[in-house]
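Peer 1: Numbering (UniProt numbering), first residue to last: 1 to 347.
Dropping the structure in here first, questions after.
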């Protein structure tokens with residue numbers, strides 16, 4: 001089956017700077033709007049037919065109107081142009097920008113058309129875990145892609161399942177006798193990394209807080225400064241989510257996040273606690289966590305040590321969890337690099 005999300009056929013509202021357009025509209029005298037693919041704080045993404053290039057289908061990100069949004073879009077375009085120059089054949093699994101233009105004051109970025117993002121695929125598959133052989137294939141490509149960024153002095157800063165997208169999310173339906181239900185089996189697990197709107201060069205200003213909360217590294221939470229290793233932590237969180245079908249750290253606050261980390265990965269290193277400016281999280285060198293609170297009861301009752309999440313103990317699973325432990329190392333200086341990860345026995 002061709003896996004396309006259900007899409008509305010038109011965009012009607014423009015309440016917060018979104019462009020009003022509908023099926024059949026032409027952007028930049030070239031791109032014919034077919035359907036809406038998605039929407040976010042940045043704006044909307046529409047599928048278009050490119051009348052200038054063999055009528056191929058493309059994805060156009062139409063950024064919301066406003067100086068702040070336009071500035072962020074131009075920063076992303078600069079990075080995408082740099083990546084295109086470094087990798088013209090798009091061999092490093094980063095989404096390829098094909099064109100950009102302005103339309104009625106909206107910055108529009110044209111990308112190759114891809115399938116569903118991995119977050120939506122898992123959700124539409126009933127939050128079932130992905131197969132380990134598919135996780136291996138995807139993990140290798142994610143590590144290749146983000147290592148390419150790191151080698152070129154970039155940190156993505158916002159890696160999450162939403163920003164890992166299948167090149168094609170076509171699938172076959174299979175019956176799973178263990179779960180007694182049907183499940184979608186991917187035909188091709190190739191991925192691309194997307195959304196470079198928050199990517200930062202090494203020599204640029206690094207704001208204190210980056211990353212979506214579930215995938216945020218401990219050094220960011222503890223305000224210890226961050227660089228490329230924070231991406232490696234995020235990848236570890238993504239890979240275990242593919243394995244479980246649900247997030248490893250589904251938390252609401254930073255203190256809950258640290259408590260859950262300690263329950264799953266063991267105590268935070270004393271040197272990181274000592275250096276942290278976030279004194280309110282700690283008392284006498286330990287996490288300051290009310291023993292009787294419902295949050296603590298939930299975490300101690302529901303969170304198992306990482307190794308106990310392993311569903312099978314063959315060498316593939318053992319190697320996978322060894323890689324995860326190396327990615328989810330608290331100390332960014334000791335955390336595995338992606339160059340090292342690519343040579344890990346899991347692959």
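Even glycine gets a Cβ: it sits at the ideal position worked out from N, Cα and C.
1. For residue 139, collect the residues of the same chain with a Cβ closer than 6 Å to its Cβ; drop the 5 residues on either side in sequence, then sort them by chain order.
2. Could you name the residues of the same chain whose beta carbon sits closer than 6 Å to that of residue 329, not counting the 5 residues immediately before and after it, in chain order?
3. Residue 394 lies in the alpha helix (DSSP H); which residues open and close that run?
4. According to DSSP, simplified to helix, strand and coil, what is residue 132?
5. What's the C-alpha gap between residue 275 and residue 215?
6. Note down the Cα distance separating residue 143 from residue 66, rounded to an integer number of angstroms.
7. At a cut of 8 Å, does the stretch 114–130 reach the stretch 208–225 through at least three beta carbon pairs?
8. In whole angstroms, what is the alpha-carbon distance linking residue 337 and residue 75?
9. What are the start and end residues of each continuous alpha helix (DSSP H) run of 4 or more residues lying completely inside the stretch 77–143, in chain order?
10. Using a Cβ-Cβ cutoff of less than 6 Å, which residues in the same chain neighbour residue 141 once the five nearest sequence positions on both sides are dropped?
11. Would DSSP call residue 19 helix, strand or coil?
12. Output yes or no for whether 8 Å exceeds the beta carbon distance between residue 95 and residue 81.
13. For residue 30, which residues of its own chain have a beta-carbon under 7 Å away from its beta-carbon, when the five flanking residues on both sides are left out?
14. What residue from 204, 221, 201 and 202 has the CA that sits closest to residue 210's CA?
15. Output the distance between the C-alpha atoms of residue 305 and residue 264, rounded to the nearest integer angstrom.
16. Start and end of the alpha helix (DSSP H) containing residue 312?
17. Between the C-alpha atoms of residue 246 and residue 130, what's the straight-line distance to the nearest angstrom?
18. Can you list, in chain order, the residues of its chain whose CB lies under 7 Å from that of residue 90, leaving out five sequence neighbours each side?
19. Which of the three DSSP states, helix, strand or coil, is assigned to residue 237?
20. So, for residue 137: in the same chain, excluding its five sequence neighbours on each side, which residues have a beta-carbon less than 8 Å away from its beta-carbon?
21. Could you give the distance in angstroms between the alpha-carbon of residue 148 and the alpha-carbon of residue 156?
22. Here's a check: name, in chain order, each residue in its chain whose Cβ is nearer than 7 Å to the Cβ of residue 295, leaving out the five neighbours to either side.
23. For residue 316, collect the residues of the same chain with a Cβ closer than 7 Å to its Cβ; drop the 5 residues on either side in sequence, then sort them by chain order.
24. Using a Cβ cut-off of 8 Å (strictly closer), state whether residue 22 contacts chain D.
25. Out of curiosity, what's the CA-to-CA distance linking residue 340 and residue 33?
26. Count the other C-beta atoms from every protein chain shown that fall within 10 angstroms of the C-beta of residue 346, then say buried if there are 16 or more, exposed otherwise.
27. Given residue 224, which residues of its chain have a CB within under 7 Å of its CB, disregarding the five upstream and five downstream residues?
28. Who are the near neighbours of residue 175 in its chain, counting only those whose CB is closer than 7 Å to its CB and skipping five residues on each side?
29. Please identify the residue among 279, 58 and 326 whose C-alpha is closest to the C-alpha of residue 100.
30. Below 8 Å on the Cβ atoms is my contact criterion, and I expect residue 212 with residue 160 to pass it. Report the Cβ-Cβ distance as a whole number of Å.
31. Starting from the Cα of residue 322, find the closest Cα among 73, 103 and 310 and give me that residue.
32. Straight-line CA distance for residue 125 to residue 110?
33. Relative to the C-alpha of residue 128, which candidate in 184, 86, 259 and 87 has its C-alpha closest?
34. In terms of residues, what are the limits of the beta strand (DSSP E) holding residue 176?
35. Give me the Cα-Cα distance between residue 314 and residue 241, rounded to the nearest whole angstrom.
36. Let me check understanding here. Comparing Cα to Cα, which of 37, 24 and 17 lies closest to residue 63?
Peer 2: The answer reads as follows:
1. Counting only Cβ-Cβ distances below 6 Å, and skipping sequence neighbours, we find 239.
2. Within the same chain, residue 329 has close Cβ partners 335.
3. As displayed, the chain neither begins before 1 nor continues past 347, which places residue 394 out of reach and without an answer.
4. It is helical.
5. Going by C-alpha positions, residue 275 is about 22 Å away from residue 215.
6. Residue 143 and residue 66 have their C-alpha atoms some 35 Å from each other.
7. No, they do not touch.
8. In this structure, the straight-line span from the alpha carbon of residue 337 to that of residue 75 is close to 26 Å.
9. Counting only runs of 4 or more, we get 118–124.
10. Closer than 6 Å at the Cβ level, and outside the excluded window around residue 141, lie 93 and 191.
11. Residue state, collapsed to three classes: coil.
12. Their beta carbons are not under 8 Å apart, which means residue 95 does not touch residue 81 by this criterion.
13. 50, 51 and 52, listed in sequence order.
14. Measuring from the Cα of residue 210, the nearest candidate turns out to be 221.
15. Going by the C-alpha atoms only, they are around 4 Å apart.
16. Here residue 312 belongs to no alpha helix (DSSP H), and DSSP marks it neither H nor E.
17. Rounded to the nearest whole angstrom, the C-alpha separation of residue 246 and residue 130 is 11 Å.
18. Excluding sequence neighbours, residue 90 sits near 96.
19. Shown here, residue 237 sits in a helix according to DSSP, grouped into three states.
20. Around residue 137: 189 and 190.
21. Those two C-alpha atoms are separated by around 11 Å.
22. Cβ contact annotation for residue 295 (same chain, cutoff 7 Å, sequence separation greater than five): 256, in chain order.
23. Correct list, in chain order: 132.
24. Given the protein chain composition of this structure (a single chain), no chain D is represented.
25. One C-alpha to the other measures close to 43 Å.
26. So residue 346 counts as buried.
27. Within its own chain, the residues whose Cβ lies closer than 7 Å to the Cβ of residue 224, once the five positions on either side in sequence are excluded, are 272, 275 and 276, listed in chain order.
28. Hits under 7 Å: 182.
29. The shortest Cα separation from residue 100 among 279, 58 and 326 belongs to 58.
30. Contact flag correct, Cβ pair sits at about 5 Å.
31. Nearest C-alpha to residue 322: 310.
32. Distance between residue 125 and residue 110, taken at the CA atoms: about 29 Å.
33. Nearest of 184, 86, 259 and 87 to residue 128, Cα basis: 184.
34. Start and end: 171–176.
35. Taking the Cα positions, residue 314 is about 20 Å away from residue 241.
36. That would be 17, whose Cα lies nearest to the Cα of residue 63.
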